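**Q** In terms of my numbering, the sequence shown opens at residue 9 and continues consecutively. One structure is given below, represented as structure tokens, and several questions about it will come after.
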Amino acid sequence: MMDRPVWLTGVRIFSPLSSSDLPMSFRLENGKIDRIAEMPDFRNRNDRKTKIVDLSGCWISPGFTDCHIHLLSYSLARNRLVLDSLTLQQILKKVSDAVLNSRPGDWIRGRGWEINRWENPVFPNRRHLDEICRDRPVALSSKDGHALWLNSQAMKHLELDGNIPDPEGGCFIRDSAGMLTGAMLETAADLAIGRIPLPHERELKNALVEGIADLSALGLTGLHCFEKAETMRLIWNLFQARKIPIRLHYYLPCEELDGLIGKGVRSSDGDRYIRFGGIKLFADGALGSRTAAISDAYPGEPGNFGQIVTGKAELRDICDHAARHGIASAIHAIGDTGVSNALDALSHVRIHYPEISGQRIEHIQLIPPNRVGDFTKYRITASVQPAHALSDIEMAETLWKHIPGLLYPYGSIRRTGALMVFGSDAPIEPPGPLSIIRAAVTRRRIDGYPDENGWIPEERMTLTDALAASTLLPAVLEGRPGERGELTAGNAADLVVFDRDPVQADPDNFRENKVVMTLMNGNPVYDPNGLLSD
9 MMDRPVWLTG VRIFSPLSSS DLPMSFRLEN GKIDRIAEMP DFRNRNDRKT KIVDLSGCWI
69 SPGFTDCHIH LLSYSLARNR LVLDSLTLQQ ILKKVSDAVL NSRPGDWIRG RGWEINRWEN
129 PVFPNRRHLD EICRDRPVAL SSKDGHALWL NSQAMKHLEL DGNIPDPEGG CFIRDSAGML
189 TGAMLETAAD LAIGRIPLPH ERELKNALVE GIADLSALGL TGLHCFEKAE TMRLIWNLFQ
249 ARKIPIRLHY YLPCEELDGL IGKGVRSSDG DRYIRFGGIK LFADGALGSR TAAISDAYPG
309 EPGNFGQIVT GKAELRDICD HAARHGIASA IHAIGDTGVS NALDALSHVR IHYPEISGQR
369 IEHIQLIPPN RVGDFTKYRI TASVQPAHAL SDIEMAETLW KHIPGLLYPY GSIRRTGALM
429 VFGSDAPIEP PGPLSIIRAA VTRRRIDGYP DENGWIPEER MTLTDALAAS TLLPAVLEGR
489 PGERGELTAG NAADLVVFDR DPVQADPDNF RENKVVMTLM NGNPVYDPNG LLSD
């Protein structure tokens with residue numbers, strides 16, 4: 009914490025409740041916003057201990073919160089192969105180059121492949137990778153993270169062969185002879201990933217520190233992390249060593265539930281920096297892997313209605329069991345069947361355990377129109393990732409056009425008055441908060457596609473609502489209203505300063521403005537120009 013008060017002067021305000029283009033000054037003390045005032049005259053001030061930082065021409069906003077991020081995966085992915093938007097041949101060339109620069113025994117890791125962008129949209133085979141790399145293991149995750157592609161050497165290391173049964177909620181793709189092709193979906197991919205040796209703990213910690221530094225430079229002061237218990241132990245150790253200056257609201261896999269109950273852990277346990285949010289469950293898969301659970305079969309795939317990862321009754325029972333012990337649930341649900349099952353489970357919980365807040369559904373990319381009002385009726389939070397809508401336009405229109413439902417229905421849900429928060433799902437999408445807000449407001453890609461009205465314009469959101477979903481409302485979901493997320497005296501001094509108006513009078517011109525400074529609890533966590541150094 010800064011050891012003396014600070015005045016940030018001359019800044020204009022970019023905030024969901026109090027935006028203004030009039031120059032204002034913010035006094036920060038003891039980690040909080042002490043007062044906000046019009047430009048004071050400091051020439052004859054008596055308080056010589058207060059530091060004055062002139063930010064004339066800059067704009068200030070509450071610190072942003074990414075409400076859906078996989079922090080360790082994001083941090084590690086920064087140094088792995090990026091395969092987004094590449095053809096099959098381009099991916100193989102990139103892997104081949106990586107092999108030349110690797111050492112014998114090294115794992116070649118990457119992510120981002122997507123069959124729906126290939127000329128022949130079928131799942132890849134281990135033989136593609138074997139042709140360019142036979143002597144070291146290769147593991148490539150799909151863009152949505154719900155499919156994995158291995159070469160034969162990786163399968164040998166992980167002891168995967170045709171005798172392994174498909175786990176519940178997933179499958180190993182096999183050829184006509186029953187042999188594994190090297191591609192696997194959902195819980196089968198999770199099983200394989202769980203067998204891949206993790207880097208040394210020192211490398212993991214370094215990756216986390218560097219990843220959080222990158223996020224701070226984007227103006228993020230809060231994260232809702234979906235991690236394993238071992239990862240959270242690493243993060244906690246780093247926090248204790250004061251190496252990760254950010255607020256964390258974390259969720260653990262539902263497999264940890266009994267252990268959490270045995271320890272008496274409840275949602276919102278923790279302090280003002282790290283808090284437990286609840287458990288994470290999966291109702292279904294993902295659109296890109298064609299495993300999102302839908303009410304009609306995928307085109308050209310009779311019998312493929314997606315993958316129910318957790319059955320409807322089991323989903324409800326787990327959420328009920330958690331709520332009975334004071335633990336909220338976050339359910340991944342993408343297809344209309346998956347979303348309906350998640351709503352059924354959490355509406356049951358809200359009826360029987362109304363005191364347990366923080367129940368949420370993640371993604372919600374296709375929903376039956378008659379279920380939109382359930383978010384408000386049962387006070388269920390809609391946790392969405394607007395960047396997915398822009399990435400998925402062609403896939404959604406191709407694979408879901410035959411299903412009567414609302415696609416990426418942010419505007420429809422928000423207009424009911426439901427609590428909605430934004431995230432990136434990084435590393436699946438980049439974590440830049442202004443790009444996420446722009447996606448929700450314009451529903452149009454940077455290149456102007458599809459047109460000036462955006463994709464499904466009735467689902468566009470207002471700038472005020474979109475900004476609130478990244479600042480004010482995450483604090484409400486966390487049970488911290490009035491503590492952070494707004495530029496109000498008494499709120500925590502979690503702030504981000506931009507070099508210019510982030511909107512520039514036209515939301516369509518949103519871009520990642522240069523972040524001048526990011527403060528968390530009054531401390532400079534990103535200050536490349538040393539403005540707050542003494």
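All C-beta atoms, glycine included, are put in the ideal place defined by N, C-alpha and C. These numbers were taken from a predicted model, which means no experiment stands behind them.
Could you pull out every residue in the same chain whose Cβ sits closer than 8 Å to the Cβ of C141, ignoring the five residues on either side in sequence?
**A** Contacts found: V103, S104, V107, I116, N159, Q161.
**Q** From R255 to G270, what does the alpha carbon distance come to, in whole angstroms?
**A** Their backbone Cα atoms lie some 26 Å apart in a straight line.
**Q** Between D502 and P24, is the Cβ-Cβ spacing less than 8 Å?
**A** No, the pair does not count as a contact, with Cβ atoms beyond the cut-off.
**Q** Span of the beta strand (DSSP E) holding N378?
**A** Note, N378: premise wrong, no beta strand (DSSP E); not H, not E.
**Q** Just the Cα atoms here: how many angstroms apart are A477 and L80?
**A** Each residue's alpha carbon lies about 23 Å from the other.
**Q** I'd like to know if S184 contacts chain B, where contact means its C-beta is closer than 8 Å to some C-beta of that chain.
**A** Judged by its chain identifiers, the structure shown contains no chain B, having just a single protein chain.
**Q** Anyone know if the C-beta pair for W67 and R35 falls short of 8 Å?
**A** Contact flag unset, no.
**Q** Taking the continuous alpha helix (DSSP H) assigned at D138, which residues delimit it?
**A** From DSSP, the alpha helix (DSSP H) with D138 extends over 134-138.
**Q** Is I181 helix, strand or coil by DSSP?
**A** Strand, per DSSP.
**Q** Quick test of your reading: I436 and G153, contact by CB under 8 Å. State the CB separation rounded to the nearest angstrom.
**A** Yes, they are in contact, since the Cβ atoms of I436 and G153 sit about 6 Å apart, within 8 Å.
**Q** If I'm right that G177 touches V317 with Cβ under 8 Å, what's the distance once you round it to whole angstroms?
**A** At roughly 4 Å, the Cβ-Cβ gap stays under 8 Å, so G177 and V317 are in contact.
**Q** Any idea if N38 is buried or exposed, counting beta-carbon neighbours within 10 angstroms, 16 or more meaning buried?
**A** Exposed, by the Cβ-count rule.
**Q** Mind checking which residues open and close the beta strand (DSSP E) that includes E194?
**A** Note, E194: beta strand (DSSP E), 188-194.
**Q** According to the Cβ coordinates, are P310 and M528 closer than 8 Å?
**A** No, the Cβ-Cβ distance between P310 and M528 is not below 8 Å.
**Q** Please identify the residue among Y306, P536, S276, H356 whose C-alpha is closest to the C-alpha of K320.
**A** Selected option, being the one with the closest Cα: H356.
**Q** The alpha helix (DSSP H) with S420 in it runs from where to where?
**A** Here the alpha helix (DSSP H) through S420 covers 418-423.
**Q** Would you check if the region 82-96 and the region 522-538 touch, i.e. whether three or more CB-CB distances between them fall below 8 Å?
**A** These segments do not touch.
**Q** Any idea which residues DSSP pairs N531 with across the strands?
**A** Beta-bridge pairing links N531 to M528.
**Q** Pull up the CB-CB distance for H208 and E486, whole angstroms please, since I reckon it's below 8 Å.
**A** The Cβ separation is near 33 Å, so there is no contact.
**Q** Give every residue of the same chain whose Cβ lies closer than 6 Å to the Cβ of C179, excluding the five residues on either side of it in the sequence, and list them in chain order.
**A** Same-chain partners within the cutoff: L193, A196.
**Q** Three or more C-beta pairs closer than 8 Å, one from the region 124-136 and one from the region 270-286: is that the case here?
**A** The answer is no - the region 270-286 does not touch the region 124-136, with fewer than three Cβ pairs under 8 Å.
**Q** Can you check whether the CB of R451 is closer than 8 Å to the CB of L464?
**A** As written in the sequence, residue 464 is Ile, which differs from the Leu given in the question. Closer than 8 Å, so yes.
**Q** Does G334 come out as helix, strand or coil in the three-state DSSP assignment?
**A** G334: coil per DSSP, three-state reduction.
**Q** As an exercise, report each continuous beta strand (DSSP E) stretch of at least 3 residues that is fully enclosed by the region 221-301, in chain order.
**A** If we require 3 residues or more, the beta strand (DSSP E) runs fully inside the region 221-301 come out as 228-234, 255-261, 282-290.
**Q** With distances taken Cα to Cα, identify the nearest neighbour of L226 among M32, R324, F72, R43.
**A** For L226, the nearest C-alpha among the options comes from F72.
**Q** In terms of residues, what are the limits of the beta strand (DSSP E) holding G118?
**A** Looking at the DSSP string, the run of the beta strand (DSSP E) that includes G118 is 116-121.
**Q** In whole angstroms, give me the CA-to-CA distance for L84 and K57.
**A** Their Cα atoms are separated by approximately 42 Å.
**Q** Does DSSP classify I60 as helix, strand or coil?
**A** Three-state result, I60: strand.
**Q** When DSSP builds the beta bridges, which residues end up paired with L16?
**A** L16 is bridged to F34, V61.
**Q** Let me check understanding here. Comparing Cα to Cα, which of R508, T239, P175 lies closest to L212?
**A** Taking only the C-alpha atoms, the option nearest L212 is T239.
**Q** Expressed to the nearest angstrom, what Euclidean distance is found between the alpha-carbon atoms of M163 and R86?
**A** Answer to the nearest angstrom: the Cα atoms are 25 Å apart.
**Q** Using 8 Å as the threshold, is the C-beta distance between G381 and A336 below it?
**A** No, they are not a contact pair.
**Q** Here's a check: name, in chain order, each residue in its chain whose Cβ is nearer than 7 Å to the Cβ of D352, leaving out the five neighbours to either side.
**A** Same-chain partners within the cutoff: K320, R324.
**Q** So G230 packs on P482, CB below 8 Å; how close in whole Å?
**A** Rounded, the Cβ-Cβ distance is 6 Å, consistent with contact.
**Q** Can you tell me whether DSSP reads T345 as helix, strand or coil?
**A** Reduced to three states, the DSSP call for T345 is helix.
**Q** Assuming C262 and K288 are in contact, meaning their beta carbons sit under 8 Å apart, how far apart are those beta carbons, in whole angstroms?
**A** Indeed, because the Cβ distance is near 6 Å, the residues count as touching under 8 Å.
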